Amino acid sequence: MQRDLPSSCEQDSTWIYNALCVIELSNSKLVIQTDQPDDQNSTGNGSDSSSLIHQLGRGMSINCLLHCSRSDYGSISSLNQNFRSLIRSGELYRLRREMGIVEHWVYLSCSLLEWEAFDPNHRRWMYLPRMPSNECFMCSNKESLAVGTELLVFGKEITSLVIRRYSILTNTWSSGMSMNTPRCLFGSASLGEIAILAGGCDPNANILNSAELYNSETGTWETLPSMNKARKMGSAVFMDGKFYIMGGIGEGNSESLTCGEVYDMKTGVWTVIPNMLPGWNEGAGVTEAPPLLAVVNNVLYAADYAQKEVRRYDKERNFWFTIGRLPEQAVSMNGWGLAFTACGDRVICIGPRLGGGIIELNSWVPNQGPPQWDLLATKRSGSFVYNCAVMGC
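Numbering-wise, the UniProt record's numbering puts 269 at position 269 of the sequence shown, and it's gapless, one number per residue.
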């Protein structure tokens, strides 16, 4: 099909037009393959294979791909080896990050070892390959973290703490990586290609005050200065370019921490914030889930699962305001089984519908008023969200 180039000379119109051409080309792959052997298809009949789309050249071809949706990359990579190599190299995602082009997808597990991705823009579900595991890992408590183009799942085998890593570049799981200080029940948050993990427990159940930074581009772990207080089962976020951790249990397994700490990556200093997260559900004890937190546009929100309320944090006054309600259908077990997190410019709440058997994904774009929840999707699944992470790339 032939398209007329839009009359506008604005760059955005050109990108949109060229991106549509690339998607049309990927959708026509079956026709292309019947016309040409695969090796000829890869080289473009003797043209420079590195140009990708010969008529546009490599630079323009890459710019077209940058403006395609992440959901189209699977089809585009099936065109030929050159497109596949480009997408698997991670170059496109690095360039997208530099240009501020980010799409946020939700990754969640509602059944043991099974993960799915949800694209909120197209409201589409995608299955991930089944995670390789043994019975010990399958039944262990697990934490998850999305960073760069990776989804990390932390769990336990018979004698050690282990990490499973899923790459969106290859659509595969791998294992073998390890932290400098293996830990579980930690607080973590990511910012682009880096993530910080703080606190938690070591394999001997000692509560830690140590922290480390993971760089997904290099696959390396860097030990950071230790926190002022050891804690496990805290929750963490990035806000204003700084790493915050709050809540959880202190040393002795009896002290519920109301203080938070903030780590300034520029100075390498941790600062305690007294009474940052007062106890909203006194009596819940150690069975209470880590705090349910979300940061949108550098504003911190929290979910009070018991009162089904949403609260906003005032950084200047170190005070929480109740601003509205959680979705009425959202249910949990002392906060467990419910996800509350940021997804781009939205806050999302994911949990089982009352009565079980159906998981609901609700979203809200914060403004000056109370939360107005939009039901993004439902799916038949279990009655528990085991893990949830949001990947922006």
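We treat Cβ as the ideally placed atom computed from N, Cα and C, and that holds for glycine. Since we're looking at a predicted model, the values are computed, not measured.
Could you spell out the range, first to last residue, of the alpha helix (DSSP H) harbouring residue 84?
Element bounds for residue 84: 81-89.
Between which two residues does the beta strand (DSSP E) carrying residue 222 extend?
For residue 222, the uninterrupted beta strand (DSSP E) segment begins and ends at 220-224.
Starting from residue 64, follow the beta strand (DSSP E) in both directions and report where the run begins and ends.
Element bounds for residue 64: not the beta strand (DSSP E) but the alpha helix (DSSP H), 58-66.
Extent of the continuous beta strand (DSSP E) to which residue 118 belongs
Where residue 118 is concerned, the enclosing beta strand (DSSP E) starts and stops at 114-119.
Would you say residue 243 and residue 262 are within 8 Å of each other, going by their C-beta atoms?
One thing to note: residue 243 has its Cβ within 8 Å of the Cβ of residue 262.
To which residues does DSSP link residue 312 through a beta bridge?
Answer is 301 and 321, bridged to residue 312.
If you check the beta carbons only, do residue 163 and residue 154 fall under 8 Å apart?
Yes, these two residues count as a Cβ contact at 8 Å.
Neighbour-count burial assignment, residue 31, 16 or more Cβ in a 10 Å radius:
Low local confidence applies: a pLDDT of 33 at residue 31 is under 50, so the model's placement there is unreliable, with the coordinate-based value given in what follows. So residue 31 ends up on the exposed side.
Range of the contiguous alpha helix (DSSP H) that encloses residue 103
First-last for residue 103: undefined, no H or E at that position.
Nearest-angstrom Cα distance between residue 322 and residue 304?
Those two C-alpha atoms are separated by around 9 Å.
Would you decide whether residue 80 is buried or exposed? Buried here means 16 or more other CB atoms lie within 10 Å of its CB.
Buried, because 16 or more other Cβ atoms sit within 10 Å of the Cβ of residue 80.
I need the boundaries of the beta strand (DSSP E) containing residue 351, first residue and last residue.
Bounds of the beta strand (DSSP E) holding residue 351 are 346-352.
Would you decide whether residue 287 is buried or exposed? Buried here means 16 or more other CB atoms lie within 10 Å of its CB.
Flag for residue 287 reads exposed.
Local Cβ density within 10 Å of residue 158, reported as buried at 16 or more and exposed below that
Counting the other Cβ atoms within 10 Å of the Cβ of residue 158 gives fewer than 16, which makes it exposed.
Here's a check: name, in chain order, each residue in its chain whose Cβ is nearer than 7 Å to the Cβ of residue 42, leaving out the five neighbours to either side.
Note that residue 42 has pLDDT 39, beneath the 50 cutoff, so the model's placement of it is unreliable and the number below is only indicative. The beta carbon of residue 42 lies closer than 7 Å to those of 49, 80, 81 and 82 in the same chain, with the five residues before and after it left out.
Check the C-beta distance from residue 211 over to residue 226 and give it rounded, since I have them as a contact under 8 Å.
With 8 Å as the limit, residue 211 and residue 226 qualify as a contact, their Cβ atoms being about 7 Å apart.
Three-state class that DSSP yields for residue 135 in the structure shown:
Looking at residue 135 - three-state DSSP - the assignment turns out to be helix.
Rounded straight-line distance, which links the Cα of residue 340 to that of residue 300:
Going from the Cα of residue 300 to the Cα of residue 340 covers about 12 Å.
What did DSSP end up calling residue 197 once you bin it into helix, strand or coil?
In this structure, residue 197 counts as strand in the three-state DSSP scheme.
Would you mind giving the Cβ-Cβ distance between residue 290 and residue 234, rounded to the nearest angstrom? I have them listed as a contact below 8 Å.
6 Å between Cβ atoms; contact.
Sheet register partners of residue 388 (DSSP bridge):
Residue pairing from DSSP places residue 388 in a beta bridge opposite 108.
Measure from the alpha carbon of residue 218 to the alpha carbon of each residue in 203, 273, 185 and 147, then state which is nearest.
Selected option, being the one with the closest Cα: 147.
Nearest-angstrom Cα distance between residue 216 and residue 101?
C-alpha separation (whole angstroms): 18 Å.
Assuming residue 143 contacts residue 186 under a Cβ cut-off of 8 Å, what Cβ separation, rounded to an integer in Å, is found between them?
Indeed, because the Cβ distance is near 7 Å, the residues count as touching under 8 Å.
Ignore the nearest five residues each way along the sequence and tell me which others in residue 47's own chain have a CB closer than 8 Å to its CB.
Confidence is the limiting factor: at residue 47 the pLDDT is only 42, short of 50, which leaves the residue's position unreliable, though a coordinate-based value still follows. Once the five neighbours on either side are set aside, the close Cβ partners of residue 47 are 54.
Short Cβ contact (8 Å threshold) for residue 351 with residue 385:
In this structure, residue 385 lies closer than 8 Å to residue 351 by Cβ.
What do you reckon, are the CB atoms on residue 183 and residue 208 nearer than 8 Å?
Contact: yes.
Helix, strand or coil: how does DSSP classify residue 167 here?
Strand, per DSSP.
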